[in-house]
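Each residue of the sequence shown is one higher than the one before, counting from 1 in full-length UniProt numbering.
Data first, discussion second: the structure below is written as structure tokens.
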Amino acid sequence: MDHGEQQVGGWNGEDPPADHLYWAILSEYVQTHLVYGDRPVEFFVEGTRSRVGKSLHPKYGLLQMVLEPFLRGKVFDILVVPVTTNYDKLLEEMLYSYELLGFPKPKESTS
1 MDHGEQQVGG
11 WNGEDPPADH
21 LYWAILSEYV
31 QTHLVYGDRP
41 VEFFVEGTRS
51 RVGKSLHPKY
61 GLLQMVLEPF
71 LRGKVFDILV
81 VPVTTNYDKL
91 LEEMLYSYEL
101 LGFPKPKEST
111 S
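Structure representation (structure tokens):
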């Protein structure tokens, strides 16, 4: 993740640690942002994106963090907007074919 993304509150949750301190800090960050922030929170409930167009099973951790302030009465309304982007052709078709041949998936970046 580059400096610009961090400046606007972004973080990369790829391969998060399993310790409780990490999740406690992340939960507090998200909930503080919801209660006192003035910008929307965007996240992907699957935890990642599918390169092959398949739907992935949802991971409910961040959704739970978002709903908790609402359920405790700290936030009076939450708007959840499910969004999908579908393509007729896989954008990373060549990359996916390499993965099927056994080549490792390259790390994602914004550059």
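We treat Cβ as the ideally placed atom computed from N, Cα and C, and that holds for glycine.
Keep in mind that this is a model prediction, so the values were computed, not measured.
If distances are taken between C-alpha atoms only, which option among the options comes closest to residue i?
| i | options | result |
| --- | --- | --- |
| Leu62 | Val75, Thr85, Lys105, Val41 | Val41 |
| Leu34 | Tyr96, Leu100, Val75, Ser109 | Val75 |
| Leu95 | Glu108, Val83, Gly73 | Glu108 |
| Asp38 | Leu101, Ile78, Gly73 | Ile78 |
| Pro58 | Phe70, Arg72, Phe43 | Phe43 |
How is residue i classed by DSSP in three states: helix, strand or coil?
| i | result |
| --- | --- |
| Leu79 | coil |
| Ser97 | helix |
| His57 | coil |
| Thr32 | helix |
| Ala18 | coil |
| Ser27 | helix |
| Val45 | coil |
| Pro104 | coil |
Is residue i buried or exposed, if buried means 16 or more other CB atoms sit within 10 Å of its CB?
| i | result |
| --- | --- |
| Leu56 | exposed |
| Val80 | exposed |
| Val66 | buried |
Taking the Cβ atom as the reference point for each residue, do residue i and residue j lie within a distance shorter than 8 Å?
| i | j | result |
| --- | --- | --- |
| Gln31 | Glu92 | no |
Under 8 Å between C-beta atoms, does residue i make it to chain D?
| i | result |
| --- | --- |
| Thr110 | Of the chains in the structure shown, none is chain D; there is only one protein chain. |
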